[in-house]
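Encoded as structure tokens, the structure appears first; notes follow it.
Chains as they are written, first to last, in the working numbering: chain A, 2 to 315; chain B, 300 to 603.
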């Protein structure tokens, strides 16, 4: 087990190396001199030259790349030009709302998606199945930002139940923080739950047709126990993978949702940095979120061992 | 692989013998197959209608989508303007109709580019174990980025332009196609008919293009339909965030960005383009679900 985790961690290195490489070459995609683009049209030649030196753009490419690897793999993401502070610090300062939002929407996605998928599969082709799958199809097709805008209009503007926008930090009020994230979490969670419901349904249907389910019934188990104890446990294996993949969608969706609800999280940081041409921040957040995503999916692969004893990691 | 599945339970009743690719009757058979799947039929009809709207956009729109008339600004839905007007007095219906063109062009080109690149990379990776290591490592690395995030970062570097949206999204979606094609190629490579072709002295390029590629097409088309749906959503999201298309281009995303400022007084500016996105993506997803079930008889009736 420990050996397996260790091997998976080692296998992670090439992926992280590519993540870091993509981050590095991002600024070389800009048309023209990155330093000039970042400083805008008003910058003097001297200022541009200073920034080039500061960012190491004057050194040979392979030297820059090696320096970049040693820096990013140690977790140093460079300095923001606009914010005048390390990118890592800028991310940490804005992490709280993003982490809360992503966890809350993951909770919504699983809490709605898994039961909906199970009911749809057990009562296949019933009205409940048709309604659930209709809603799920809507959920995967609706643009998140548009759904968010409509939720604001209905629940905040007309009904006045939630704040229209903004975020109250946990340090000020835990209830306030959760209240300001209810609508964003719903916005994000609906898409995720649709994905999870569809996956749970199809894997449940596959499992329900198998011999061990019939055996479980033949033993005289209650239907409830057959469904939850025998079928769902096996059906959860592909679902857990989808939950891991859905997390990527939620992390990226948080960027859009934070913009809709004006939440000062990592997503807003990226979007504001795009407007300011603050490339180090964009590169930093890109690598940061990709690393988290990769690590979470590794964690999920490890969870498999507990869910499915058939999977052996010798 | 497909033959093995067809001989499985219940399958022979559902699937008549298929004419081989290129034979007359292939298209008729394909159409009949689509007609048997309810989701493919509904989805296909929606997609067809939207394509027609895009083609005849100029004929269908009552006004020039760019025509500014301040005397009729923020007018609600009425017979002269069924979808109302925006803050500059531009007709929303005409802008939504022209937005169909933008969305479908972006979606179609992204699917075309990512399928082209993905097929080449997938075939190479599946066929040559040397290339496989390098190519799939790179694909895994690219797939480590959540799609929207990578698209935003690429757009930040490339600059907000229509062509760049297509390039960025094509880069984002290529690894998925490559993975699908690779996995099919890995299976096909071991099959007798491919080995027979190799034994007869067929060149690698011929084996790949004539014997392997045609059998990859079904999963690629299914994947392409879902990619199309995701590209439409992604373009709208990028444009909404201000990193996609410039605001003067009438795309569904940019119309919503403008409408956002007037949501409380003029709901119609955001609601109608949003519905347009919803209906198109729904149609594409339905079509994708239907095609997937048709391509994989084991799943028939289970999904969607």
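Where is the CB? At the ideal position from N, CA and C, for every residue including glycine.
Original post:
Nearest CA to the CA of residue 589 (chain B): which residue from B:327, B:355, B:337?
Top reply: B:337
Original post:
Within 9 Å (strictly less), CB to CB, does residue 421 (chain B) reach chain A?
Top reply: no
Subject >> Beta-ladder partner(s) of residue 384 (chain B), from DSSP >> reply: Beta-bridge partners assigned by DSSP to residue 384 (chain B): B:390.
Original post:
In three-state DSSP terms, what is residue 439 (chain B)?
Top reply: helix
Original post:
For residue 550 (chain B), which residues of its own chain have a beta-carbon under 6 Å away from its beta-carbon, when the five flanking residues on both sides are left out?
Top reply: These residues qualify, in order along the chain: 398, 401, 538, 544.
**OP:** Name, please, each residue of chain B whose Cβ falls closer than 7 Å to the Cβ of residue 294 (chain A).
**Re:** 443, 445
**OP:** Spatial neighbours of residue 394 (chain B) within its chain, please: CB distance less than 7 Å, with the 5 preceding and 5 following residues excluded, ordered by chain position.
**Re:** 364, 549, 554
**OP:** Spatial neighbours of residue 59 (chain A) within its chain, please: CB distance less than 8 Å, with the 5 preceding and 5 following residues excluded, ordered by chain position.
**Re:** 53
Original post:
Is there at least one Cβ from chain A nearer than 9 Å to residue 573 (chain B)'s Cβ?
Top reply: yes
Subject >> Contacts that residue 604 (chain B) makes with chain A (C-beta to C-beta distance below 9 Å) >> reply: No information on residue 604 (chain B) is available, as it lies outside the stretch 300 to 603 that chain B covers here.
**OP:** Taking only the alpha-carbon atoms, compute the straight-line gap between residue 442 (chain B) and residue 272 (chain A) and give it to the nearest angstrom.
**Re:** 21 Å
Original post:
Taking the alpha carbon of residue 486 (chain B) as the point to measure from, which residue in B:474, B:466, B:515, B:469 has its own alpha carbon closest?
Top reply: Checked all of B:474, B:466, B:515, B:469; the closest Cα to residue 486 (chain B) is B:515.
Subject >> Residue from A:197, A:35, A:22 whose Cα sits closest to the Cα of residue 71 (chain A) >> reply: A:22
Subject >> Distance, residue 437 (chain B) Cα to residue 32 (chain A) Cα >> reply: 24 Å
**OP:** Count the other CB atoms, across all protein chains shown, that sit within 10 Å of the CB of residue 587 (chain B); report buried if there are 16 or more and exposed otherwise.
**Re:** Classification for residue 587 (chain B): buried.
Subject >> Short CB-CB distance (under 9 Å) between residue 316 (chain B) and chain A >> reply: Caution applies to residue 316 (chain B), whose pLDDT of 46 falls short of 50 and renders its modelled position unreliable; the value that the coordinates give is listed next. So no, residue 316 (chain B) is outside the interface.
Original post:
Which residues, taken in chain order from the region 158 to 174 of chain A, show a beta carbon closer than 8 Å to some beta carbon of chain B?
Top reply: 158
**OP:** Name the two residues that bound the continuous alpha helix (DSSP H) containing residue 44 (chain A).
**Re:** Here residue 44 (chain A) belongs to no alpha helix (DSSP H), and DSSP marks it neither H nor E.
**OP:** Whole angstroms is fine: what's the gap from residue 574 (chain B)'s alpha carbon to residue 376 (chain B)'s?
**Re:** 15 Å
Original post:
Are any of the Cβ atoms in chain B nearer than 9 Å to that of residue 232 (chain A)?
Top reply: Output row for residue 232 (chain A): interface = no.
**OP:** Give the DSSP-derived three-state secondary structure of residue 431 (chain B) in the structure shown.
**Re:** helix
Subject >> alpha helix (DSSP H) segment containing residue 235 (chain A), residue limits >> reply: Where residue 235 (chain A) is concerned, the enclosing alpha helix (DSSP H) starts and stops at 234 to 261.
Subject >> Nearest-angstrom beta carbon gap, residue 141 (chain A) and residue 584 (chain B) [assumed within contact, 8 Å] >> reply: 6 Å
Original post:
Do we get a CB-CB distance below 9 Å when we pair residue 99 (chain A) with the residues of chain B?
Top reply: no
Original post:
Thinking C-alpha only, which one of A:251, A:237, A:103 is nearest residue 304 (chain A)?
Top reply: A:237
Subject >> Proximity winner among A:298, A:167, A:19, A:250, relative to residue 144 (chain A) (alpha-carbon distances) >> reply: A:250
Original post:
For the alpha helix (DSSP H) that contains residue 501 (chain B), what are its first and last residues?
Top reply: No alpha helix (DSSP H) holds residue 501 (chain B); DSSP gives it neither H nor E.
Original post:
How far does the alpha helix (DSSP H) with residue 344 (chain B) in it reach, from first residue to last?
Top reply: 337 to 354
Original post:
Which residues, in order along the region 243 to 260 of chain A, keep a beta-carbon less than 9 Å from a beta-carbon of chain B?
Top reply: 248, 249, 250, 251, 252, 253, 254, 256, 257, 260
**OP:** Along the alpha helix (DSSP H) that carries residue 273 (chain A), what are the first and last residues, could you check?
**Re:** 267 to 277
**OP:** With 9 Å as the threshold, decide whether the Cβ of residue 290 (chain A) is near any Cβ in chain B.
**Re:** yes
**OP:** Would you verify that the beta carbon of residue 548 (chain B) is, or is not, closer than 9 Å to some beta carbon of chain A?
**Re:** Chain A places no beta carbon closer than 9 Å to that of residue 548 (chain B), leaving this residue out of the contacts.
Original post:
Identify the residues that DSSP records as bridge partners of residue 80 (chain A): which are they?
Top reply: Residue 80 (chain A) pairs with A:87.
**OP:** Check whether the Cβ atoms of residue 479 (chain B) and residue 440 (chain B) lie closer than 9 Å to each other.
**Re:** no
**OP:** Please classify residue 10 (chain A): is it buried, with 16 or more other beta-carbons within 10 angstroms of its beta-carbon, or exposed?
**Re:** exposed
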